[in-house]
Amino acid sequence: MHVWKGLLVAEHSAALFDAWTTRQSLQSGNGYERNPLLKPFADSAAIYPMLQIAPIGLDFLSHRMLHSQNRFIRKTWWVPQLASTGASLWCGVRNLRVANFQR
C-alpha cells in the first residue's frame with residue numbers, strides 16, 4: 141500500500157508539473173493546447189484541477205486492481221499510475237522545450 145501511495149503522489153505531482161508547464165508554454169507565445177477538452181481551461185488557473193481528474197480515476201482503477209481476484213491484474217496494478225506519471229512528465233518536458241524555443 142505504501143508503494144501505491146508513493147505512485148499516487150508522483151502521478152499527481154507530474155500532472156501538476158504538466159499543468160504549470162502548459163501555462164508557461166502558452167504565456168511564452170510559442171505553445172498551444174492540443175487537447176480539445178482542456179483547451180477552454182488552458183489559459184487559466186482552472187487547468188490545475190482539470191488535469192487532476194484523470195489521475196484520480198487512474199488511482200481508483202489501480203486500487204481496484206491491487207485488490208483484484210485475478211492474479212495477473214493484481215500483479216500489474218502499478219501500470220496505470222506509472223503510465224500516467226510518465227505521460228505527464230513527457231508532456232511537461234515538451235512544454236518546457238516549447239516555452240524556451242527561440243525563433
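For the sequence shown, the numbering used here begins at 141 and goes up steadily by one.
Cβ atoms here follow ideal geometry from the backbone N, Cα and C, with glycine treated the same way.
All figures in this text were calculated on a predicted structure; none of them were measured in a lab.
Check                                                                                                  : Outcome
4 or more residues per run - each alpha helix (DSSP H) lying fully within the region 142-218           : 142-168, 187-190, 193-206, 211-215
Distance CB(tryptophan 217)-CB(serine 228) smaller than 8 Å                                            : no
Same chain only: Cβ atoms within 8 Å of lysine 215, ignoring 5 sequence neighbours per side            : none
Within-8 Å CB hit, serine 153 to chain D                                                               : Included in the structure is just one protein chain, with no chain D present.
Straight-line Cα distance separating histidine 207 from glycine 232                                    : 31 Å
Asparagine 240 (DSSP reduced to helix, strand or coil)                                                 : coil
Close beta carbons around isoleucine 213, own chain, < 7 Å, minus the five adjacent residues each side : Met205
Cβ-based burial, serine 184 [other Cβ within 10 Å; buried from 16]                                     : exposed
CB of alanine 154 within 8 Å of CB of tyrosine 188, strictly                                           : no
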